[in-house]
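In this text, residue positions in the sequence shown follow my numbering: the first is 47, and each later residue adds one. Presented below is the structure to which this report refers.
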Amino acid sequence: MKNLSITFVPRLGELEVEVVERKGIGHPDTIADALAESLSVAYARYTLGHFGAILHHNFDKLAVLGGTTEVDFGTGKLTSPIRVILNGRASMRFGDKAIPVRDILEAETQRFFSSLFGDSLNAERDIEKHWFVSSASGPGKTRWSTGSRAHLFTPRSISEVKGYDRLLNNDTSMGCGYAPLSPVETAVLALEGKLNSSDMKQKHLWLGTDIKVMAVKTHGQCGVTICLPQIAQYVSSLESYQDNLAAMQSIIEEILGELLPGMRIALSTNMRDNIAHGDVYLTAIGSSIESGDEGIVGRGNRINGLITPLRPINLEGACGKNPKYYTGKLYNVAAHKIAHRLYGETRKACEVLLVGQTGQPVVEPWHTLIRTAETPLDEKRIKLIAEEELTRIPQITEALLERKVRLY
47 MKNLSITFVP RLGELEVEVV ERKGIGHPDT IADALAESLS VAYARYTLGH
97 FGAILHHNFD KLAVLGGTTE VDFGTGKLTS PIRVILNGRA SMRFGDKAIP
147 VRDILEAETQ RFFSSLFGDS LNAERDIEKH WFVSSASGPG KTRWSTGSRA
197 HLFTPRSISE VKGYDRLLNN DTSMGCGYAP LSPVETAVLA LEGKLNSSDM
247 KQKHLWLGTD IKVMAVKTHG QCGVTICLPQ IAQYVSSLES YQDNLAAMQS
297 IIEEILGELL PGMRIALSTN MRDNIAHGDV YLTAIGSSIE SGDEGIVGRG
347 NRINGLITPL RPINLEGACG KNPKYYTGKL YNVAAHKIAH RLYGETRKAC
397 EVLLVGQTGQ PVVEPWHTLI RTAETPLDEK RIKLIAEEEL TRIPQITEAL
447 LERKVRLY
């Protein structure tokens with residue numbers, strides 16, 4: 047294993063100050079991430095099933111642009127569609143066989159929005175798709191090329207499919223991970239999960255999915271700000287809106303009390319509301335993507351489901367990238383796996399950074415940087431754990447295709 051650096055840091059993970067954010071499943075940026083990943087999985091499964099390999103593709107520059115709505119108490123509807131910018135690159139052919147890329151992506155887009163919003167929208171009518179997917183090779187290909195770029199998007203046989211015979215990094219990039227989550231991080235993740243659970247939605251039909259949680263911990267106190275959209279169809283009046291919000295505040299305080307016992311909690315909700323002027327977070331479908339807002343891949347949660355600016359963090363947009371050899375995707379997942387395994391053996395905080403060079407073996411990072419609190423493990427054992435997890439990177443691809451890995 048080359049260029050391994052292990053640093054022992056006293057009190058690593060003891061966080062006196064924290065800033066933790068989660069954008070819920072209906073937030074426009076989370077929608078963009080989730081859709082991009084769904085498109086990648088759909089395309090990868092198709093090419094794997096038909097040709098025995100995942101062909102070159104990336105949909106990580108996708109964007110979702112808001113429509114317009116008419117909303118009032120008791121009623122809400124989309125008046126112009128949500129626009130999806132299907133942007134990226136993909137192999138359109140394998141040998142002499144055409145791949146129905148547009149059909150695959152547009153069908154998956156329809157399925158995705160129907161699954162996310164159910165009867166709140168008509169995916170056929172309310173989703174407008176704009177096509178910008180190409181099969182243009184990046185810089186480096188010339189008319190004399192005979193190497194891997196020559197037929198990157200038009201492989202004539204399985205031997206010309208990138209990553210089939212040798213797994214090489216597609217980019218010079220990095221990934222990072224840490225373990226464990228702090229109590230505040232765990233609480234933020236769990237709180238959004240509970241609020242967006244099917245059980246909660248069945249009990250509170252008015253509660254939308256574009257729930258955002260921001261927590262700031264200082265000096266033993268945790269301030270939590272939450273945005274809670276209400277679906278107009280189920281809210282008959284301003285009084286009903288206020289009653290819903292008050293009831294949900296009580297529920298959230300109870301949940302946070304269980305998740306963060308002994309910590310002083312200061313809860314704020316829907317801070318933009320101006321009741322006197324009738325300005326409230328009332329929506330047609332439960333998400334700001336319905337009107338004016340936009341979502342772009344990579345602007346939301348990191349792969350542990352959180353945005354944590356005071357922790358090791360990577361700005362790479364992992365969703366929509368090819369799951370076979372994209373450095374910024376695989377190394378983020380692998381770094382978290384190494385960190386969690388080391389924590390599992392030592393119960394000591396751990397941070398891992400993996401840096402890869404384009405064109406070099408995925409399982410052999412250019413640099414592996416590990417920071418951990420004082421631990422009973424010697425450097426030899428730490429190195430062995432890191433090496434074992436790196437050799438398992440090909441298994442991450444399988445887990446991604448089975449949707450067993452959190453990315454947002």
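Heads up, the beta-carbon is just placed ideally off N, CA and C, and yes, glycines get one too. It should be emphasised that the depicted structure is a prediction, and the values quoted were computed from it without experimental measurement.
Which one of D319, G122, T232 has the shortest CA to CA distance from E64? The shortest C-alpha separation from E64 is found at T232.
Compare the C-alpha of R393 against each of A136, L227, A364 and name the closest. When A136, L227, A364 are compared, the shortest CA-CA separation from R393 is found for L227.
Runs of alpha helix (DSSP H) lying entirely within the stretch 364-450, each at least 4 residues, in chain order: Runs of the alpha helix (DSSP H) inside the stretch 364-450: 373-392, 425-437, 439-447.
Where R68 falls, given that 16 or more other Cβ within 10 Å makes a residue buried: By the 10 Å Cβ count, R68 comes out buried.
Can you give the beta carbon distance from C222 to N49, rounded, assuming they're within the 8 Å contact cut? In this structure, C222 and N49 do not form a Cβ contact; the two beta carbons are roughly 16 Å apart against a cut-off of 8 Å.
Spell out the partners DSSP gives M220 in its beta bridges. The partner list for M220 (beta bridge, DSSP) reads V401.
Sort H413, V66, F159 by Cα distance to A169 and report the nearest one. The candidate whose alpha carbon is nearest that of A169 is F159.
Buried or exposed, going by whether 16 or more other CB atoms sit within 10 Å of the CB of Q248? With fewer than 16 other Cβ atoms within 10 Å, it is exposed.
Close Cβ partners of G332 (< 7 Å) along its chain, the five nearest in sequence each way excluded: Cβ neighbours of G332 within its own chain (closer than 7 Å, five residues either side excluded): G72, S166, G254, T255, D256, P275, I277.
Could you spell out where the alpha helix (DSSP H) holding M317 opens and where it closes? Judged by DSSP secondary structure, M317 falls outside any alpha helix (DSSP H); it is assigned neither H nor E.
With distances taken Cα to Cα, identify the nearest neighbour of A78 among E116, G95, D149, R129. It is R129.
Return the first residue and the last residue of the beta strand (DSSP E) that R68 is part of. Taken as a continuous stretch (DSSP letters only), the beta strand (DSSP E) holding R68 covers 63-69.
Go to I301, then tell me how far its alpha helix (DSSP H) extends in each direction, as first and last residue. 284-305 is the extent of the alpha helix (DSSP H) around I301.
Measure the alpha-carbon distance for W177 versus P74 and round it to whole angstroms. Their Cα atoms are separated by approximately 19 Å.
On the three-pair Cβ rule with 8 Å, is the stretch 80-100 touching the stretch 137-145? Touching, per the Cβ criterion.
CB of Y224 to nearest heavy atom of the ligand SAM: below 7 Å? Ligands are entirely absent from the displayed structure, and the ligand SAM is therefore not among its contents.
Starting from the Cα of E60, find the closest Cα among L376, K263, I342, A322 and give me that residue. Among L376, K263, I342, A322, the Cα nearest to that of E60 belongs to K263.
Excluding the 5 residues flanking W252 on each side, which residues of the same chain have their C-beta closer than 6 Å to its C-beta? Counting only residues of its own chain and dropping the five nearest sequence neighbours on each side, W252 has a CB closer than 6 Å to the CB of Q276, I277, Y280, V281, N290.
Alpha carbon to alpha carbon, how far is R452 from G120? Give it in angstroms, no decimals. Per the coordinates, the alpha-carbon of G120 lies some 36 Å from the alpha-carbon of R452.
Please classify M220 as buried or exposed, where buried requires at least 16 other C-beta atoms within 10 Å of its C-beta. Buried, since its Cβ has 16 or more Cβ neighbours within 10 Å.
Three-state class that DSSP yields for R157 in the structure shown: R157 falls in the helix class under three-state DSSP.
By the three-class DSSP mapping on this structure, what secondary structure does A261 have? In the three-state scheme derived from DSSP, where H, G and I count as helix and E and B as strand, A261 is classed as strand.
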